[in-house]
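**Q** Handing you a structure now.
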Amino acid sequence: MASFSSSTMIKLLHEALMIPTKNLNLILPLTIFSLLSSSLLFLFNYLSITPILFSISINLHVFRSTGIINTDTTKHAILISSIKQSIKQLFLFESIFLLISFIIFSFIHTSILHSSSLTYLAKQPTLQDLLTKINKSWKRPLTTQLIVSMLNLSFMFFVVFILGLCFLISINGSFIILVFGVAIAFLLLYLYIHLSLTCSMAVVISALEEGYRGTSSVINRAAELIKERKKEGLVISMVNALATFGYYGTYTYSTLYVPQITYSPLANGLIFVNVSTVLSMMVLSGYIVFYYECKRSHGDEEMAMKG
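Mapped onto my numbering, the consecutive letters of the sequence shown carry residue numbers -11 to 295.
Right, dumping it as structure tokens:
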């Protein structure tokens, strides 16, 4: 069993942060491509849905006007039809956006995993080498990321449902239910960190290792691989979760209550998505370092160094 210490964690995190500096010729173009993709996707989504949301808002405001509802049923029907049509358009645009975003970010994440892996192994791959590796393995990580995303979303919906239910019950003054809900929240957070670690390592394995068919076998491989160094992995997942929740929470709070960095919601959104992209790249680099540390603990160092 590998020993766990704060110095080990600091070394691991330091190596993850240093990966981008070891091969700027590859990492820099990949970073620029990631930021450009994030920005264009955000612009596409923002420019597509903003007019629709504005139309829905206006129609709902008019719909709540009792004068129109009581005096003109024809206008009432037209408003309902217009709102339904706007919602259909919103659903269509968001579905297209989510599909395109998932495919593009799956490619980006696979690229980051391969480039970080090769860089960590002290190799100096070219962009052509990277594209060749991605071409050979893009299907596995795409499938794994899809299933992992569905698992995470299902878990988050379950968490929201449980917490919402406890909150609604506690409104009637039941302090015990409120305490129970808080306890459940901490338990679910603990389970989420475990799930996040296994799923993240499954994505790494699906990109870097061959011979595993089906997402279940990849997840089993991930669970087996992290067993020796699970404490370190949980710390990484906890740092990732806290950083993610903290960043999103801070952004949401600042959007609602604090003067923005700029006066443009579009510019603020672009800043947000680009910082999120950089954070995700750093997180993936961290999981790459942890992946090879796990392999080393299993006596696979020689195989790992061969790539």
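Backbone N, C-alpha and C define an ideal beta-carbon position, used for all residues, glycine too.
Among the candidates Leu156, Ser225, Ile172, whose CA atom is the shortest distance from the CA of Ile276?
**A** Within the sequence shown, numbered from 1, the residue matching residue 276 stands at position 288. It is Ser225 whose Cα lies nearest to the Cα of Ile276.
**Q** At the level of alpha carbons, what is the spacing between Gln77 and Lys63?
**A** Within the sequence shown, the letter at position 89 stands for residue 77. Within the sequence shown, the letter at position 75 stands for residue 63. Cα to Cα, Gln77 sits roughly 21 Å from Lys63.
**Q** Under three-state DSSP, which class holds Thr114?
**A** Here the question's residue 114 lines up with position 126 in the sequence shown. Coil at Thr114, not helix or strand.
**Q** Mind reading off the beta-carbon distance from Val261 to Ser26? Whole number of angstroms is fine, and I expect it under 8 Å.
**A** Numbered from 1 along the sequence shown, position 273 holds the residue referred to as residue 261. Numbered from 1 along the sequence shown, position 38 holds the residue referred to as residue 26. The Cβ separation is near 5 Å, so the contact holds.
**Q** Which same chain residues end up closer than 8 Å to Pro129 when comparing Cβ atoms and leaving out the 5 residues on each side of it in sequence?
**A** Here residue 129 refers to the residue found at position 141 when the sequence shown is read from its first residue. Closer than 8 Å at the Cβ level, and outside the excluded window around Pro129, lie Ser94, His97, Thr98, Leu101, Val191, Ser194, Ala195.
**Q** How would you write the range of the alpha helix (DSSP H) that Tyr34 sits in, first residue to last?
**A** On the sequence shown, residue 34 is found 46 positions in, with the first residue counted as 1. Per DSSP, Tyr34 belongs to the alpha helix (DSSP H) from 12 to 51.
**Q** Identify which residue in Leu109, Glu212, Leu67, Phe42 has its Cα closest to the Cα of Arg52.
**A** In the sequence shown, residue 52 corresponds to position 64, counting from 1. Per the Cα distances, Leu67.
**Q** Kindly indicate the opening and closing residues of the alpha helix (DSSP H) around Tyr180.
**A** To locate residue 180, count along the sequence shown from 1; it is residue 192. Tyr180 -> alpha helix (DSSP H) spans 163 to 196.
**Q** Would you identify the three-state DSSP class for Ser83, choosing helix, strand or coil?
**A** On the sequence shown, residue 83 is found 95 positions in, with the first residue counted as 1. Three-state DSSP puts Ser83 in a helix.
**Q** Can you find the residues in the same chain that come closer than 7 Å, C-beta to C-beta, to Met(-3), ignoring five residues on each side of it along the sequence?
**A** Start at 1 with the first residue of the sequence shown, and residue -3 comes out as number 9. Glu220, Val223, listed in sequence order.
**Q** Return the first residue and the last residue of the alpha helix (DSSP H) that Ile276 is part of.
**A** Here residue 276 corresponds to residue number 288 of the sequence shown, with the count starting at 1. It spans 253 to 285 - the alpha helix (DSSP H) in which Ile276 sits, taken as one unbroken run.
**Q** Among the candidates Ser103, Phe90, Ser45, Ile84, whose CA atom is the shortest distance from the CA of Leu12?
**A** As a first step, residue 12 must be located in the sequence shown, where it is residue number 24. Ranking Ser103, Phe90, Ser45, Ile84 by Cα distance to Leu12 puts Ser103 first.
**Q** Quick one, which of Asn33, Ser22, Ile71 has its alpha-carbon nearest Ile46's?
**A** The residue you call residue 46 lines up with position 58 of the sequence shown. Checked all of Asn33, Ser22, Ile71; the closest Cα to Ile46 is Ile71.
**Q** Would the beta-carbon of Ser184 fall within 9 Å of that of Asn228?
**A** By one-based count along the sequence shown, residue 184 stands at place 196. By one-based count along the sequence shown, residue 228 stands at place 240. Yes; because the gap between Cβ atoms is below 9 Å, this pair is in contact.
**Q** What are the start and end residues of the alpha helix (DSSP H) that includes Ile207?
**A** The residue you call residue 207 lines up with position 219 of the sequence shown. Its alpha helix (DSSP H) spans residues 203 to 213.
**Q** Should Val271 go down as buried or exposed, given a rule of 16 or more other Cβ atoms within 10 Å for buried?
**A** For the purposes of this step, residue 271 is taken as residue 283 along the sequence shown, with counting starting at 1. Buried: at least 16 other Cβ atoms inside 10 Å.
**Q** Would Gln112 be called buried (16 or more neighbouring beta carbons within 10 Å of its own) or exposed?
**A** The residue given as residue 112 occupies position 124 in the sequence shown. Exposed, by the Cβ-count rule.
**Q** Within the same chain, show all residues whose beta-carbon is closer than 7 Å to that of Leu18, passing over the 5 residues directly before and after it, in chain order.
**A** On the sequence shown, position 30 is the one that residue 18 refers to. Cβ neighbours of Leu18 beyond the five flanking positions: Ser99, Ile100, Ser103.
**Q** Looking at Leu179 and Thr232, is the spacing between their C-beta atoms short of 9 Å?
**A** Position 244 of the sequence shown, counted from the start, is the residue given in the question as residue 232. Position 191 of the sequence shown, counted from the start, is the residue given in the question as residue 179. No, Cβ-Cβ distance for Thr232 and Leu179 is not below 9 Å.
**Q** For Thr265, I'd like the list of residues in its chain whose CB is within less than 7 Å of its CB, leaving aside the five on either flank, ordered along the chain.
**A** Mapped onto the sequence shown, residue 265 falls at position 277. These residues qualify, in order along the chain: Ser22, Leu23, Ser26.
**Q** Under three-state DSSP, which class holds Gly152?
**A** In the sequence shown, the residue the question calls residue 152 occupies position 164. Note: Gly152 maps to helix in three-state DSSP.
**Q** Using three-state DSSP, classify Tyr200 as helix, strand or coil.
**A** Within the sequence shown, the letter at position 212 stands for residue 200. Coil, per DSSP.
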